[in-house]
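Have a look at the structure below, then the notes.
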Amino acid sequence: MELSGKLAIVTGVSKGIGLETVKVLLDAGVVVAGWGRTNPEIDHENYHFFGTDVADWENVQGSFQRTKEKLGKASILINNAGFGYQGLIHEMPVDQWKEMFDVNVHGLFYCTKMVVPDMIEMEEGHIVNIASIAGTNGVETMSGYVGTKHAVRGIGQSIFKELRQHGIKVSTIYPGSTNTNFFDSIEFANANENMMRPEDIAMTILQSLQTHPNYHVVDVEVRPLMPKGRPNKK
């Protein structure tokens with residue numbers, strides 16, 4: 017897709033992968049509607065923030081209408097908003113379980129549901145879902161988060177087959193450990209320099225968007241090359 021002048025909606029823009037994605041899109045000439053609970057400090061004429069709770073269906077509808085009225089129809093949606101709680105299945109509070117699914121799964125559905133009709137009308141669009149390698153396997157004490165990312169994988173695999181006939185691409189990115197705030201509340205890992213940089217994930221997203229109209233990136237799994245650092249040689 018030729019990106020210059022196109023409108024992208026990016027969810028979860030306050031930090032991490034979402035924030036870095038906004039930056040690379042702006043550098044590529046994209047007009048960005050940032051959806052999130054907190055507005056990052058971005059001063060750019062093509063950046064517009066819309067306070068949004070993706071877990072709230074009515075709130076998403078309102079943000080979409082405000083975005084469309086101000087900026088027009090979106091050619092790109094980056095479903096980035098997501099988070100996880102850690103806990104054993106029998107100890108996980110019900111409200112935490114539901115909150116993860118409300119944001120990570122229902123939020124993705126709400127946002128996608130809103131943008132697709134315009135993309136079908138334009139016969140152009142690209143939806144990028146940020147999953148996780150947790151969406152490809154199991155992780156002890158992370159069953160709720162893993163479940164949401166398996167759902168993201170299944171949704172992406174299904175809707176790309178629904179939408180391809182309309183000229184709409186759906187790509188799912190599966191990052192391994194990334195140096196973001198995600199690990200602030202995770203006991204078995206701490207964010208560190210051996211993890212991937214969020215700006216590199218953002219570049220992967222950009223490269224997927226820049227492909228030829230008939231070239232469809234469906235799934236991309238990315239991992240740190242040396243997650244434990246370079247081994248000491250004796």
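Quick note on numbering: the sequence shown equals residues 17 to 250 in the working numbering.
Built from N, CA and C at the ideal position, the CB exists for glycine as well.
Exercise for the section: For Met158, count neighbouring C-beta atoms within 10 Å of its own C-beta (all shown protein chains included) and say buried if the count is 16 or more, exposed if not. Expected result: One-based indexing of the sequence shown puts residue 158 at position 142. The residue is buried, with at least 16 neighbouring Cβ atoms inside 10 Å.
Exercise for the section: Name the two residues that bound the continuous beta strand (DSSP E) containing Val236. Expected result: On the sequence shown, residue 236 is found 220 positions in, with the first residue counted as 1. Note, Val236: beta strand (DSSP E), Asp235 to Val238.
Exercise for the section: With a threshold of 16 other CB atoms inside 10 Å of the CB of Glu36, please say whether the residue is buried or exposed. Expected result: The residue you call residue 36 lines up with position 20 of the sequence shown. It is buried - the Cβ of Glu36 has at least 16 other Cβ atoms within 10 Å.
Practice task
Out of Ile149, Arg180, Lys177 and Glu156, state which residue places its alpha-carbon closest to the alpha-carbon of His166.
Solution key: As a position in the sequence shown, residue 166 is number 150, starting the count at 1. Closest option to His166, Cα to Cα, is Ile149.
Exercise for the section: Could you spell out where the alpha helix (DSSP H) holding His166 opens and where it closes? Expected result: Looking up residue 166 in the sequence shown gives position 150. Its alpha helix (DSSP H) spans residues Ser159 to Leu179.
Exercise for the section: Enumerate in chain order the residues of its own chain whose CB-to-CB distance from Glu235 is below 6 Å, with the five nearest sequence positions on each side excluded. Expected result: Taking the sequence shown and counting its residues from 1, the one referred to as residue 235 is at position 219. Residue identity differs from the one stated: residue 235 is Asp in this sequence, not Glu. Closer than 6 Å at the Cβ level, and outside the excluded window around Asp235, lie Thr188.
Handout entry: Candidates Ala24, Asn153, Gly67 and Ile146, of which the one nearest Leu124 by Cα
Key = Along the sequence shown, read from residue 1 onward, the residue named residue 124 stands at position 108. The option with the nearest alpha carbon to Leu124 is Ile146.
Exercise for the section: Find out if the Cβ-Cβ distance for the pair Ile25, Leu93 is shorter than 8 Å. Expected result: By 1-based counting over the sequence shown, the position of residue 25 is 9. By 1-based counting over the sequence shown, the position of residue 93 is 77. Yes, the pair counts as a contact, with Cβ atoms nearer than the cut-off.
Exercise for the section: Find the nearest neighbour of Met216 within the set His228, Thr227 and Pro191, judged by alpha-carbon distance. Expected result: Stepping through the sequence shown from its first residue, residue 216 is reached at position 200. In the sequence as displayed, the identity of residue 216 is Asp instead of Met. Among His228, Thr227 and Pro191, the Cα nearest to that of Asp216 belongs to Pro191.
Problem - the stretch 92-111 contacting the stretch 58-66, beta-carbon criterion three pairs below 8 Å - result: no
Problem - Status (buried if at least 16 other CB within 10 Å, exposed otherwise) for Lys185 - result: On the sequence shown, residue 185 is found 169 positions in, with the first residue counted as 1. That one is buried.
Problem - Reduced DSSP category for Thr196 - H, G, I as helix; E, B as strand; rest coil - result: Taking the sequence shown and counting its residues from 1, the one referred to as residue 196 is at position 180. Correct three-state label for Thr196: coil.
Handout entry: Residue closest to Met242, alpha-carbon to alpha-carbon, out of Phe65, Thr194 and Thr83
Key = Taking the sequence shown and counting its residues from 1, one reaches residue 242 at position 226. Comparing Cα positions, the closest option is Thr194.
Handout entry: Whole-number beta carbon distance between Asn55 and Phe65, since they are thought to touch under 8 Å
Key = Locating residue 65 in the sequence shown gives position 49, counting from the first residue. Locating residue 55 in the sequence shown gives position 39, counting from the first residue. About 4 Å separates the two Cβ atoms, so the contact holds.
Problem - Straight-line gap, Glu209 to Val48 (C-alpha atoms, nearest Å) - result: Counting from 1 along the sequence shown, the entry for residue 209 is found at position 193. Counting from 1 along the sequence shown, the entry for residue 48 is found at position 32. Going from the Cα of Glu209 to the Cα of Val48 covers about 29 Å.
Practice task
With a 10 Å radius around its C-beta and 16 neighbouring C-beta atoms as the bar for buried, classify Ser79 as buried or exposed.
Solution key: Walking along the sequence shown from the start, residue 79 turns up at place 63. Buried, by the Cβ-count rule.
Handout entry: Secondary structure of Thr227, DSSP reduced to three states
Key = For the purposes of this step, residue 227 is identified with residue 211 of the sequence shown, where counting begins at 1. Residue state, collapsed to three classes: coil.
Practice task
Could you tell me which residues DSSP puts in a beta bridge with His64?
Solution key: For this step, residue 64 is matched to residue 48 along the sequence shown. Answer by DSSP bridge pairing, in chain order: Ala49.
Problem - CB-CB length for Thr164 against Lys31, believed under 8 Å - result: Along the sequence shown, one-based indexing puts residue 164 at 148. Along the sequence shown, one-based indexing puts residue 31 at 15. Not a contact, Cβ separation roughly 19 Å.
Handout entry: Assumed close pair Gly52, Met116 - CB separation to whole angstroms, cut-off 8 Å
Key = Against the sequence shown, residue 52 aligns to sequence position 36. Against the sequence shown, residue 116 aligns to sequence position 100. In fact, because the Cβ distance is near 17 Å, the residues do not count as touching under 8 Å.
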